[in-house]
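Colleague: Got a structure for you, written out below as structure tokens; questions coming shortly.
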Amino acid sequence: MAGRAPDLAVVGAGVVGAAAAYFATRAGLRVTVLDRGPVAGGTSGRGEGNLLVSDKEAGPELDLALLSRRIWRERLGAFAGLWEFDAKGGLVVAASAEGAARLAELTRRQRAAGVEAVDLTAAELPTFEPYLAPGLPAGAYYPQDAQVQPMLATAHLLRLAREAGAEVRTGAEVTGFLRDGDRVTGVRTTGGDLPAGQVLNAAGPWAGSVARLAGVRLPVLPRRGFVLVTEPLPPTVRHKVYAAEYVGDVASSDAGLQSSPVVEATESGTVLIGSTRERVGFDATLSLPALRLLARKAIALFPALTGVRAMRAYCGFRPYCPDHLPVVGPDPRAPGLWHACGHEGAGIGLAAGTGWLLGQALTGAAPDLDLAPFAPERFERSETP
Ligand SMILES: Cc1cc2nc3c(=O)[nH]c(=O)nc-3n(C[C@H](O)[C@H](O)[C@H](O)COP(=O)(O)OP(=O)(O)OC[C@H]3O[C@@H](n4cnc5c(N)ncnc54)[C@H](O)[C@@H]3O)c2cc1C
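Here it is, written out as structure tokens:
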């Protein structure tokens, strides 16, 4: 690979690599993005595009979600139409009196952490969602929840990075690292060696394998999710709607099947019902029991979906970390190597803030958020495999 060495080689052309490449380029770095497949060919092309603050407990992930929301709206706001940004808001509903009490507790904690959350009575729910199942005791409205089309977001962020000077090489698999002693000085790829000032591992659910090539351990594992897509419908679902139990499923470390759905309409009229969560490695076999469970629970929320045809179903692999926090920052075990991975089921939403923080940190500026909770070496202190 001839030419001047970039300041930063980004491994992975998913949404996280794309956002990092965009902000690093805008911060003045020469950036080359490498992917063994096409743009958004990994998880970023196999999920949904919810930008949620509603499903997060107070803490570092919520702080990153709030920052990301600000970056999507402000720094990237001029491009919102390119990726179908829709600030439609989220509606969380409780199925029982006990669930309603837990939801009220959650909204109280979230409000204290800066989230806008409005508690709703049973009587108020139909004014938000006229087709919602009757008899639900309470809910909460989150005006800050939004959505984007993830593949469009990834592709346009990379195009904008290219227009600002970045290079994108698809079909180039990273097979090793160039070293000068401990220091990482570039990557070996199937297209030749690429020396680089720094290397960013943004390889999604494969980030653990890429880290291993550099001799460091990152316990990023795939967490499979199925999504059901209905035929286009007349307006039936106005917000992102999900049952309060979803928050517990997201936070769970259980390897077994969880299936509380988020129901949302897209610009084209299809309704996305997603998604299951289970840890079964990279097994992409279609699971009818998982899809049935999703459909049943979506119909429980919206009886109007009974009899609606599912047009297709697909699955992807969330990059899961055992402590449910992403890995963002430099790796002291291999100087010159940075990571941006492990965003699990929130990587589309969190990509904007992650890219923004990396643009700051990679150029020596103080990042807007403390990166310590996301430190790559934190797993050295734990018992995780
Ligand atoms: C069903 C489902 C629903 C989801 N819903 C949402 C949602 O509503 N909102 C949300 O925010 N998030 C959601 N997510 C999660 C989100 O999709 C991910 O967190 C996000 O896409 C991760 O992006 P990434 O860039 O880290 O990884 P990826 O998109 O997987 O990109 C990693 C890239 O690295 C490349 N790569 C790997 N190894 C190498 C190598 N050795 N050399 C070169 N390239 C390599 C891969 O080809 C891939 O393109 C969902 C995920 C799933 C599966």
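Using our numbering, read the sequence shown as starting at 2 and increasing by one per residue. No residue lacks a Cβ here, since even glycine has one placed at the ideal position from N, Cα and C.
1) Can you give the Cα-Cα distance for M312 and L229, rounded to whole angstroms?
2) Thinking V11 and L201 are a contact (beta carbons under 8 Å), I'd like their distance in whole angstroms, please.
3) Quick one: does the C-beta of R293 sit closer than 7 Å to a heavy atom of ligand 1?
4) Should L35 be counted as a contact of ligand 1 given a C-beta to heavy atom distance under 7 Å?
5) Counting C-beta neighbours from all protein chains within 10 Å, is the total for E1 16 or more, i.e. buried, or is it exposed?
6) What do you reckon, is the C-beta of A14 under 7 Å from a heavy atom of ligand 1?
7) Rounded to the nearest angstrom, what separates G78 and D87 at their Cα positions?
8) Comparing C-alpha positions only, which one of G216, R71, G226, A203 sits nearest to G257?
9) Return the residue from the list T286, A203, A266 that minimises the CA-CA distance to V329.
10) Taking the Cβ atom as the reference point for each residue, do G205 and C342 lie within a distance shorter than 8 Å?
11) So who's on the other strand from T231, going by DSSP bridges?
12) Out of curiosity, what's the CA-to-CA distance linking A252 and D324?
13) Return the residue from the list G46, G192, R218, A305 that minimises the CA-CA distance to E381.
14) Output needed for E117: all residues of its chain with C-beta closer than 6 Å, excluding positions within five of it in sequence on either side, in chain order.
15) Run through DSSP, which three-state label would V17 get?
16) Going along the chain, which unbroken runs of the alpha helix (DSSP H) with 4 or more residues stay wholly within the segment 22-105?
Modeller: The answer reads as follows:
1) 8 Å
2) 5 Å
3) no
4) yes
5) This structure cannot settle anything about residue 1, because the visible part of the chain is limited to 2 through 386.
6) yes
7) 11 Å
8) G226
9) A203
10) yes
11) A311
12) 9 Å
13) R218
14) P144, Q145
15) helix
16) 61-74
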